[in-house]
Amino acid sequence: QRVTQPEKLLSVFKGAPVELKCNYSYSGSPELFWYVQYSRQRLQLLLRHISRESIKGFTADLNKGETSFHLKKPFAQEEDSAMYYCALRGSARQLTFGSGTQLTVLP
Amino acid sequence: NAGVTQTPKFQVLKTGQSMTLQCAQDMNHEYMSWYRQDPGMGLRLIHYSVGAGITDQGEVPNGYNVSRSTTEDFPLRLLSAAPSQTSVYFCASSYSGQPSYTFGSGTRLTVV
C-alpha cells in the first residue's frame, strides 16, 4: 500500500480555493484519512472518507476509479496554514502516510 | 485524561549511545505504534503493537526495539544511536475498532 502527495509545498491567497492532492495504491478497499498538524501542535485527524463529513470547511471525496482522495476547501483561511497528511489503512491496523503537503495561506 | 504522553520532548545523543523513548496512554487503547517523521518523507511506521505482549515490525524497524508489557506503555529503544536516526518520533494509539489515531506531541531526537 502506498500514498502519494505530489505537492510538498502549496501556497494560496486567503479566500482562494485550495485542493491538496492525494493518490493511493491498494488492492482492496482502503480507509482513507486526512490528518493535519498545525504549528507546534500534535497531529490530529481532520476527516475520513467513511463519514463523508465536512470539517472546518474541508471535504474529501474518495474516487476509486482514479484512486484519489483529494482534500478541498472553497475559501482558504489563514488559520488553515499547516502540514496536511493523507493516510491509508488497509486490512491490517496500521496507517500508511503520504509525505505531506505544507499549506501556506497568504493574507 | 492525558491522552498519549511522550517523554522526553527533546534529546541529544552521541553516536553509539542507547536510550529509551517513553510513550504512555491512559485511554485503554489496544493498538499502539511508533512513527518517525522526516522532511519530505512523511511519517514512517517503525513498530506497532495490537495488545500487551504482542509487537510487530513496521516499515523502518532496523535499529529500534519495542516491548509491550502493559496496555498503557509502549517504549521505543534505540540500541546504538546513529546520525540517521535524527528525527521526530511520534507515538500513536487507538481502539481496535476505532478508525482514527490519537498522537503524542512527539520527541525531537538529534544524534551527533
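Top to bottom, those sequences are chains A and B. Basically the numbering used here = 1-based index in the first sequence + 654. Basically the numbering used here = 1-based index in the second sequence + 925. The beta-carbon is built from N, C-alpha and C at its ideal position, and this holds for glycine as well.
Legend: CB atoms of the stretch 1018-1033 of chain B lying less than 9 Å from CB atoms of chain A belong to residues SER1019, SER1021, PRO1024, SER1025, TYR1026, THR1027, PHE1028, GLY1029, SER1030 and GLY1031. Ranked by Cα distance from ASP998 (chain B), the first of B:LYS939, B:THR945 and B:GLY988 is B:THR945. Per DSSP, the continuous beta strand (DSSP E) segment holding ALA949 (chain B) begins and ends at 944-950.
Contact annotation: in the stretch 934-959 of chain B, residues whose CB is within less than 7 Å of a CB in chain A are TYR956 and SER958. Using a 10 angstroms sphere on the CB of LEU970 (chain B), the tally of other CB atoms reaches 16 or more, which defines it as buried. GLU733 (chain A) is outside the set of residues whose beta carbon lies under 8 Å from a beta carbon in chain B.
Neighbours of LEU970 (chain B) in chain A, taken as residues whose beta carbon is under 9 Å from its own, are GLN748, LEU749, THR750 and PHE751 in chain order. Annotation: Cβ neighbours of TYR973 (chain B) in chain A (cutoff 8 Å, chain order): ARG747 and GLN748. Check the Cα spacing between SER681 (chain A) and each of A:VAL657, A:LYS726 and A:GLN756: the tightest is with A:VAL657.
The DSSP-derived three-state label of GLU685 (chain A) is strand. DSSP, read as helix, strand or coil, puts ASP734 (chain A) in helix. Annotation: Cβ neighbours of TYR739 (chain A) in chain B (cutoff 8 Å, chain order): GLY967 and LEU968.
TYR692 (chain A) places its beta carbon 8 Å or farther from that of LEU700 (chain A).
For VAL759 (chain A), the enclosing beta strand (DSSP E) has its first and last residue at 755-760.
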